[in-house]
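6 is the number that numbering that gives the first Met the number 0 gives to position 7 of the sequence shown; each next residue is one higher, with no gaps.
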Amino acid sequence: MNLNKLFLEENVGGFDLLFRTIYGTLSILALATGLVKRSPWNWIVALIAFTGLYSSILRHCTPYAILGINTAKKK
């Protein structure tokens, strides 16, 4: 497998991109407003927020690349 394709190619788009952006933002809001109280859950929600926003900003998901899934529109 080509490393550029595995780590750099856009493979997230459409509804998937919107969903990742929304759950990342909602997770950050939950942390900021104190909705998540217990310490282990804080880290789990922070990881969910980071993963969602990171993959939506870069429009890339490495597990999608490994599995051959592509929801981005072809150019």
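We put the CB at the ideal spot given by N, CA and C, even for glycine.
**Message:** Within a Cβ cutoff of 8 angstroms, which residues of the same chain sit near H59, ignoring the five residues on either side of it in sequence?
**Reply:** F6, L7, E8, E9, N10 and V11
**Prompt:** Taking the Cβ atom as the reference point for each residue, do Y76 and I47 lie within a distance shorter than 8 angstroms?
**Reply:** Because the chain is modelled from 0 through 74, residue 76 falls outside the range shown and cannot be assessed.
**Item:** Runs of alpha helix (DSSP H) wholly within the stretch 20 to 49 (minimum 4 residues, chain order)
**Value:** none
**Item:** CB contact flag (V44, S26, <8 angstroms)
**Value:** yes
**Prompt:** Shortest alpha-carbon distance to K72 belongs to which of L2, L16, K36 and L52?
**Reply:** L16
**Request:** Report yes if the CB atom of G51 is closer than 8 angstroms to the CB atom of R19, and no otherwise.
**Result:** yes
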